[in-house]
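A.B. asks:
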Amino acid sequence: MIKQTQPKLFSNLQNLLNHKITQGLIFAVVVLNALVLGAQTFPSLESSALLQALDSACLYFFVIELALKLFAFRGAFFRSKFNIFDLIVVLVSILPLVGNISVLRFLRVVRILRLFSTFSQIQFVLSVIARSLPSVASIGAILLLLYYVYGVLCVNLFGKDFPAYFGTLGKSFFTLFQIMTLESWSEGVVRPILEVYPYAWIVFVSYILSASFIALNMIVGIIVDSINEIKQKEQGKKK
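Under the numbering used here, residues 1092 to 1330 are what the sequence shown spells out, in order.
1. Specify the secondary structure class of residue 1109 as computed by DSSP and reduced to three states.
2. Using alpha carbons as the reference points, say which of 1313, 1240 and 1315 lies closest to residue 1295.
3. Residue 1259 lies in the alpha helix (DSSP H); which residues open and close that run?
4. Tell me whether residue 1110 is buried or exposed, calling it buried when 16 or more other Cβ atoms sit within 10 Å of its Cβ.
5. Could you tell me the alpha carbon to alpha carbon distance between residue 1262 and residue 1251, rounded to whole angstroms?
6. Would you tell me roughly how many angstroms separate the C-alpha atoms of residue 1184 and residue 1288, rounded to the nearest one?
7. Restricting to Cα atoms, I'd like to know which of 1124, 1151 and 1234 is closest to residue 1300.
8. Taking the alpha helix (DSSP H) that residue 1300 belongs to, which residues open and close that run?
9. First and last residue of the alpha helix (DSSP H) that includes residue 1282?
10. Looking at C-alpha atoms only, which residue of 1226, 1134 and 1120 is the closest neighbour of residue 1203?
11. Determine whether the beta carbon atoms of residue 1253 and residue 1246 lie at a separation below 8 angstroms.
12. With C-beta atoms as the reference, is residue 1219 less than 8 angstroms away from residue 1138?
13. Near residue 1306, which residues of its chain fall below 8 angstroms by C-beta distance, leaving aside the five closest residues on each side in sequence?
14. On a Cα-Cα basis, can you pick out the residue from 1166, 1116, 1293 and 1315 that is closest to residue 1152?
15. Considering just the uninterrupted stretch of the alpha helix (DSSP H) at residue 1151, what are its terminal residues?
16. For residue 1037, name the three-state secondary structure that DSSP assigns.
17. Can you name the start and end residues of the alpha helix (DSSP H) that residue 1182 belongs to?
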């Protein structure tokens, strides 16, 4: 929501646009547009006149809503990152790129991203992610370093006997990624290697503890801290 401004005409229009019923209508239109775009992926419905009309109606609705917001809030409109996001999505949707059908379809699908800005819970999640990014990036850098060290180590230790898993650095990275996700890592990768290298469990267990448990749990902790900080900030504004 954007803080209201005077005179009364703008204030009334702001109240209308910020009203729960209006917000619910906008959300419903975004969902309808998403369903229409999904239905148009079926060959039998791709050329449906009804679906094309609904798609056009949704676009006209978004354009009118955006115009009303710009008129009502004027400069204050651009203080909200989600409003700027909506503006970009709508502008991209109306770009005259009808000459390239695949590009046009992609641009129409972009409209579904408006769900991010119409649902308050999604806005909250996006704010948490944005606030967590700097700290998560630091953890990511550590993970990449860890990833590289173990990748080189596994190529040197197991690459000769298990070239499908660790024959090259690229294959080693892919296998380590599979192990990090804990997807069939025991039966599919580690146990066959343990039959040849009985002490290989030290490498893989230490990698899983470092990458999957410690680092990923640190990321979860950072996100939880960001949630608490945003909630405290919102409570401070209410006071």
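Where a beta carbon is used, it is the ideal one built from N, C-alpha and C, also for glycine. Computed from a predicted model, the values in this text were never measured in an experiment.
C.D. replies: Judging by the given coordinates:
1. If DSSP states are grouped into helix, strand and coil, residue 1109 belongs with the helices.
2. Considering only 1313, 1240 and 1315, the residue with the shortest C-alpha distance to residue 1295 is 1240.
3. Premise fails: residue 1259 is in no alpha helix (DSSP H) and is neither H nor E.
4. Counting Cβ neighbours within 10 Å, residue 1110 comes out exposed, since fewer than 16 surround it.
5. Whole-angstrom Cα-Cα distance: 13 angstroms.
6. Rounded to whole angstroms, residue 1184 to residue 1288 spans 57 angstroms at the Cα level.
7. Ranked by Cα distance from residue 1300, the options 1124, 1151 and 1234 are led by 1234.
8. Taken as a continuous stretch (DSSP letters only), residue 1300 belongs to no alpha helix (DSSP H), as it is neither H nor E.
9. In the DSSP assignment, residue 1282 falls within the unbroken alpha helix (DSSP H) covering 1282-1287.
10. Taking only the C-alpha atoms, the option nearest residue 1203 is 1120.
11. No, the Cβ-Cβ distance between residue 1253 and residue 1246 is not below 8 angstroms.
12. Cβ distance not < 8 angstroms, so residue 1219 and residue 1138 don't count as in contact.
13. Non-local C-beta neighbours of residue 1306 in its own chain, meaning closer than 8 angstroms and more than five positions away in sequence, comprise 1230, 1233, 1234 and 1237, ordered along the chain.
14. The option with the nearest alpha carbon to residue 1152 is 1116.
15. 1140-1164 is the extent of the alpha helix (DSSP H) around residue 1151.
16. The chain is shown only over 1092 to 1330; residue 1037 falls outside these bounds and no answer can be derived.
17. It spans 1172-1184 - the alpha helix (DSSP H) in which residue 1182 sits, taken as one unbroken run.
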